[in-house]
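Peer 1: Chains as they are written, first to last, in the numbering used here: chain C, 264 to 692; chain G, 21 to 341. Ideal Cβ placement from N, Cα and C applies to all residues, glycine included. Values in this document were obtained by computation on a predicted structure and should not be read as measured data. Starting off with a structure, shown below.
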Amino acid sequence: MSRIVIKNGRIIDPANNLDQTGSVQIADGKIVAVGQEPEDGFSAERVIDAKGCIVCPGFIDLSTRLREPGHSRKATFASETKAAAGAGVTTLCLQPDTLPAMDTPAVVELVKDLAEKVGYPQVLPIGALSQKLEGAELSGMLSLKLAGCIAVSNANQPMRNLLVLRRAMEYAASHGLLVIVRPNEYYLSNNGCAHEGKFATRYGLPSIPEAAETIALAQCLELAELTGCRMHFGQISGKRSVIRIYQAKKYGLNVSADVAVHQLHLTEDDITPFDSAYHVLPPLRTEEDKQYLRQGLANGTLDCICSDHQPHDIDAKLGAFPETEPGMSSLETLLPLMLALVEQGAINLEHGIAALTRKPAQVLGLDKGALTPGLAADICIFDPERVWQVDDLTWNSQGHNTPFWGKSLKGRVVHTLQGGRVIYSLLPI
Amino acid sequence: MDDNIQLNAQGQLKHFLTIEGLSRALLTEILDTAESFAGMTEQRVKKVPLLRGKTIVNLFFENSTRTKTTFELAGTRLSADVLSMNIATSATAKGESLLDTIRNLEAMFVDMFVVRHAISGAAHFIAQHAAPHISVINAGDGQHAHPTQAMLDMFTIRQLKHDFTQLRVAIIGDILHSRVARSQIQALNTLGAAEVRVIAPKTLLPAEVESLGVTVSHSLGQGLRDIDVIIMLRLQKERMTTALLPSESEYFKCFGLTPEKLKLAKPDAIVMHPGPINRGVEIDSKVADGPQSVILRQVSNGVAVRMAIMSMAMQKQGAQG
């Protein structure tokens, strides 16, 4: 198989505490050597010049929706995996709210088939925590695990009550399965579409209090201790949640958390009134929440950044704000928005890369997210200075539902390699 | 601020969707224009030819009697052709999207949509997507805005109290769900009212309500002190079934406006209500029909104010084309 050398790049690999300019050598799909110049005997079929670029492990995204099976009108594996590769993502977790829900090995197989047909990046299905995600009966979690599910979750659907959640967590723990929860108290969120605060009050929008997240989170933390279940909290949005998770970790609970990248940048103050591109769940909260999320990321309370990618068709976003479907197409803004955090001084670059590589690998218990010799060569090469405009020419996702449409962003992936294969290259302008 | 879609390049009214973003001068111009129409409605011939040849479609996705009727009358008195559609019971029931409904009506060459819809932001959405020559008037969208109602209330207040800067106004009741209250608060603040006070139990107040520019009270006893204008809001029956209030009788005990409570306000305070009123729930009949009540005057003023807004939006449109 082919041998590749990536030369002259600034190699940043948080897992190996590496930040140096040099080469990465790849043979047979695996990383052979990092840092030093190739030995004389190493003849590469392909040399990638990464001058001016950063070479880091491929990104691992903890929450995406590719809309297949079931919603191929919104997007397809073909369109969204291309978007992922173009965003430097080499591994992505697929939320279980497919149609049908990911609650049987048959659906998992279907997803694996779809992924195989495209060939890249690696798709890791998250199994349903309950049958049909209805929150009433346990899914066949062991079968799901054996079929290839990396974790279990009920996505955005509520569990019927705390007893069912407790039992689901106990059962998952028995099989060593990670349970992923986006904390949201169903009744308190009351079909809201915006954060309960100034914006929702002014525009008369059904609102979701921060407490809807915090209360659900507090319940889960108690149950995590009771059941010994390993938990990960997805798409944290509120200040008090950051405080709770900080305390829980300090107390010794084995929990982790991520934040959707747009929550680190946008608040209710940024919403153009009634622009459905800003309709997202959890809702965009306040400047204070944003500052806590940034701090939480910086001090490790929030382990990872995810895209929470949710592409939509035009019709899903064409209507009065509360009637539109929530979610942003956000794979392709993941890197530039992470880099903006670095530029704004919220985190350093090494930390930002870790939150997309080493840390999600750790959350999932995967031997990935590092440039260690012997590991599969999943690599992202990006130009941190390249400015590009979000438009039809640059965008790969079928979903154009991003509030950053038409805006200029800084930082662009130049090459993505998965298992030593180049799965994406930015076309020369 | 996107609300500027309400104004054309010359800063003149094109759509009327919300009070937010409109200047005091523009609101005053609406009130002044309404003044001229108000005199007219008492004459024997109640028509002016301002909108002759224009077609106005009233799109009511939510039922309404009073608002629809006054918009019909206003359009007719401006000599426009007026068509009223109750869409709650037609197209959308068959699954047609809001945008398709609008496109179909556009294809019939109408000039103005008057829209009422149960979802906040619906009028904005229609204004954003309608053909450029069409004006959109918001006749109430969800819990967001009801700007023509607010303007007719301002008109009524100005008739009786003249100077907004001296006025303390209390709005009483279900602020949380009220598009009328949101528009009134914005209008009163834009026109420079000395104080806008909301009086309600916490369950009927939105989060951070002070950010709207109001002071807050939870009791009529304290809240009515020094008040010049009392605006009562209608209490929907469903507030009792969704655990926002225990019962109508308890609500009336706390927030119902009785002759005794009315005495707590200034002696010359006026009592307003956007209607339809719930006698014995938010207001005692003795107050509703009493000398301080101006509720029916509000209804009469509704036509003149809507004529003013419709003609202003359409005239600017003509000037543009």
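1) Might you give, ordered along the chain, the residues of its own chain that have their beta carbon closer than 7 angstroms to the beta carbon of Thr176(G), omitting 5 neighbours on each side?
2) Given a cut-off of 7 angstroms on the beta-carbon distance, is the pair Ala418(C) and Asp360(C) in contact?
3) Could you check whether Ile219(G) and Gly243(G) sit closer than 7 angstroms to each other, using their CB atoms as the reference points?
4) Given Leu627(C), which residues of its chain have a CB within under 6 angstroms of its CB, disregarding the five upstream and five downstream residues?
5) Going along chain G in order, which residues have a C-beta closer than 8 angstroms to the C-beta of Tyr466(C)?
6) Does the beta-carbon distance from Val518(C) to Ala487(C) come in below 7 angstroms?
7) When the Cα atoms are used, what is the spatial distance from Ala540(C) to Ala350(C)?
8) Note down, one range per segment and in chain order, each alpha helix (DSSP H) of at least 4 residues found wholly within the region 72 to 115 of chain G.
9) Flag Lys553(C) as yes if its beta-carbon sits less than 7 angstroms from any beta-carbon of chain G, otherwise no.
10) From which residue to which residue does the beta strand (DSSP E) around Ala347(C) run?
11) So Phe583(C) contacts chain G; which residues on that side make the cut at Cβ distance below 8 angstroms?
12) On the DSSP bridge assignment, give the partners of Trp651(C) in chain order.
13) Against chain C, does Gly338(G) count as a neighbour if the rule is that its beta carbon must be under 7 angstroms from one of theirs?
14) Can you tell me where the beta strand (DSSP E) with Pro320(C) in it begins and where it stops?
15) Determine the DSSP secondary structure at Ser696(C), reduced to helix, strand or coil.
16) In or out: Val301(G) buried (at least 16 other Cβ within 10 Å) or exposed?
17) With DSSP as the reference, label Val319(G) as helix, strand or coil.
18) For His572(C), name the three-state secondary structure that DSSP assigns.
19) Nearest chain C C-beta to Val325(G) closer than 7 angstroms, yes or no?
20) Could you name the residues of chain C that Arg202(G) contacts, counting a contact when the two beta carbons are closer than 9 angstroms?
21) Would Phe537(C) count as contacting chain G if we go by Cβ distances under 7 angstroms?
22) Using the rule of at least 16 other Cβ atoms within 10 Å of the residue's Cβ for burial, across every protein chain shown, is Leu489(C) buried or exposed?
23) Would you verify that the beta carbon of Gly390(C) is, or is not, closer than 7 angstroms to some beta carbon of chain G?
24) Tell me which same chain residues have a C-beta within less than 8 angstroms of the C-beta of Pro469(C), skipping the five on either side of it?
25) Using a cut-off of 9 angstroms between C-beta atoms, extract the partners of Lys622(C) located in chain G.
26) Between Lys314(C) and chain G, is any beta-carbon pair separated by less than 7 angstroms?
27) Just how far apart, CA to CA, sit Arg326(G) and Asp173(G)?
28) Tell me whether Leu547(C) sits in a helix, a strand or coil according to DSSP, three-state version.
29) At 7 angstroms on the CB atoms, spell out the chain C contacts of Glu228(G), in chain order.
30) Please report whether the beta-carbon of Glu586(C) lies at a distance below 7 angstroms from any beta-carbon of chain G.
31) Classify Ala481(C) as helix, strand or coil using the three-state DSSP reduction.
32) Closest Cβ-Cβ distance between Ser231(G) and chain C: below 7 angstroms?
33) For His678(C), collect the residues of the same chain with a Cβ closer than 7 angstroms to its Cβ; drop the 5 residues on either side in sequence, then sort them by chain order.
34) Compare the C-alpha of Thr168(G) against each of Glu40(G), Asp304(G) and Asn298(G) and name the closest.
35) What residue from Leu484(C), Asp521(C), Ser500(C) and Ile616(C) has the CA that sits closest to Gln510(C)'s CA?
36) Distance, Cα to Cα, His334(C) vs Glu448(C)?
Peer 2: On the basis of the supplied data:
1) Looking up residue 176(G) in the second sequence gives position 156. Closer than 7 angstroms at Cβ, skipping near neighbours: Met292, Val314, Arg317, Gln318 and Asn321.
2) Taking the first sequence and counting its residues from 1, one reaches residue 418(C) at position 155. Taking the first sequence and counting its residues from 1, one reaches residue 360(C) at position 97. In this structure, Ala418(C) sits near Asp360(C), with a CB-CB distance shorter than 7 angstroms.
3) Looking up residue 243(G) in the second sequence gives position 223. Looking up residue 219(G) in the second sequence gives position 199. A distance below 7 angstroms separates the beta carbons of Gly243(G) and Ile219(G).
4) Within the first sequence, numbered from 1, the residue matching residue 627(C) stands at position 364. The residues Ile413, in chain order, have a CB closer than 6 angstroms to that of Leu627(C) in the same chain once the five nearest residues on each side in sequence are set aside.
5) One-based indexing of the first sequence puts residue 466(C) at position 203. Within 8 angstroms Cβ-Cβ: Ser140, Gly141 and His164.
6) As a working note, residue 518(C) is residue 255 in the first sequence. As a working note, residue 487(C) is residue 224 in the first sequence. Closer than 7 angstroms, so yes.
7) Start at 1 with the first residue of the first sequence, and residue 540(C) comes out as number 277. Start at 1 with the first residue of the first sequence, and residue 350(C) comes out as number 87. Taking the straight line from one Cα to the other gives about 20 angstroms.
8) Fully enclosed alpha helix (DSSP H) runs of 4 or longer: 86 to 97.
9) Here residue 553(C) corresponds to residue number 290 of the first sequence, with the count starting at 1. Proximity of Lys553(C) to chain G, defined by a Cβ-Cβ separation below 7 angstroms, is not satisfied.
10) Here residue 347(C) is taken as the residue at index 84 of the first sequence, counted from 1. Bounds of any beta strand (DSSP E) do not take in Ala347(C); it lies within the alpha helix (DSSP H) bounded by Phe340 to Gly349.
11) Residue mapping note: residue 583(C) aligns to position 320 of the first sequence, counting from 1. Per the sequence shown, residue 583(C) should be read as Ala rather than Phe. For Ala583(C), the chain G residues whose C-beta falls within less than 8 angstroms of its own C-beta are Leu118, His137, Ile139, Ser140, Gly141, Ala142, His144, Phe145, Asp161 and Gly162, listed in chain order.
12) As a working mapping, residue 651(C) is identified with position 388 in the first sequence. Checking the DSSP bridge columns, you'll see Trp651(C) partnered with Leu672(C).
13) Numbered from 1 along the second sequence, position 318 holds the residue referred to as residue 338(G). Residue confidence for Gly338(G) is low, a pLDDT of 48 falling below 50, so the modelled location carries little weight and cannot support an answer.
14) Taking the first residue of the first sequence as position 1, residue 320(C) is located at position 57. Start and end: Ile317 to Pro320.
15) One cannot answer for residue 696(C) here, as it falls past the ends of chain C, which runs 264 to 692.
16) The sequence position of residue 301(G) within the second sequence is 281, counting from 1. The Cβ neighbour count for Val301(G), taken over all protein chains shown within 10 Å, is at least 16; the residue is labelled buried.
17) Locating residue 319(G) in the second sequence gives position 299, where the first residue counts as 1. Under the three-state reduction of DSSP, Val319(G) is assigned to helix.
18) Along the first sequence, one-based indexing puts residue 572(C) at 309. Strand at His572(C).
19) Position 305 of the second sequence, counted from the first residue, corresponds to residue 325(G). At a cut-off of 7 angstroms between C-beta atoms, Val325(G) does not count as an interface residue with respect to chain C.
20) Here residue 202(G) refers to the residue found at position 182 of the second sequence. Contact note: Arg202(G) reaches chain C through Thr464, Arg465, Tyr466 and Gly467, using a C-beta cutoff of 9 angstroms and chain order.
21) What you label residue 537(C) is simply residue 274 of the first sequence in a count that begins at 1. Yes, because at least one Cβ of chain G sits closer than 7 angstroms to the Cβ of Phe537(C).
22) Counting from one through the first sequence, the residue named residue 489(C) turns up at place 226. By the C-beta density criterion, Leu489(C) is exposed, having fewer than 16 other C-beta atoms within 10 angstroms.
23) On the first sequence, residue 390(C) is found 127 positions in, with the first residue counted as 1. No - not a single Cβ of chain G is within 7 angstroms of the one on Gly390(C).
24) Here residue 469(C) corresponds to residue number 206 of the first sequence, with the count starting at 1. Within the same chain, Pro469(C) has close Cβ partners Asn453, Asn454, Gly455, Cys456, Ala457, Ala463 and Pro585.
25) The residue labelled residue 622(C) in the question sits at position 359 within the first sequence. Against chain G, a Cβ distance below 9 angstroms from Lys622(C) picks out nothing, because the smallest value is about 34 angstroms.
26) Sequence index remark: in the first sequence, residue 314(C) carries index 51 (1-based). So, not an interface residue.
27) By one-based count along the second sequence, residue 326(G) stands at place 306. By one-based count along the second sequence, residue 173(G) stands at place 153. A direct Cα-to-Cα measurement between Arg326(G) and Asp173(G) gives close to 12 angstroms.
28) Working through the first sequence from its first residue, we reach residue 547(C) at position 284. Note: Leu547(C) maps to coil in three-state DSSP.
29) Mapped onto the second sequence, residue 228(G) falls at position 208. Identification of chain C residues near Glu228(G) by a Cβ-Cβ cut-off of 7 angstroms yields Gly460, Lys461 and Thr464, ordered along the chain.
30) In the first sequence, the residue the question calls residue 586(C) occupies position 323. Answer yes: the Cβ-Cβ gap between Glu586(C) and chain G drops below 7 angstroms somewhere.
31) As a working mapping, residue 481(C) is identified with position 218 in the first sequence. Collapsing the DSSP output to three states places Ala481(C) in a helix.
32) As a working mapping, residue 231(G) is identified with position 211 in the second sequence. Under the Cβ criterion of 7 angstroms, Ser231(G) is counted among the residues facing chain C.
33) Taking the first sequence and counting its residues from 1, one reaches residue 678(C) at position 415. Ile311, Ile644, Val685, Tyr687 and Ser688.
34) Sequence index remark: in the second sequence, residue 168(G) carries index 148 (1-based). Nearest in C-alpha terms to Thr168(G), of all of Glu40(G), Asp304(G) and Asn298(G), is Glu40(G).
35) Walking along the first sequence from the start, residue 510(C) turns up at place 247. The shortest C-alpha to C-alpha distance from Gln510(C) to any of Leu484(C), Asp521(C), Ser500(C) and Ile616(C) is the one to Leu484(C).
36) Walking along the first sequence from the start, residue 334(C) turns up at place 71. Walking along the first sequence from the start, residue 448(C) turns up at place 185. Put simply, the backbone Cα of His334(C) is about 26 angstroms away from that of Glu448(C).
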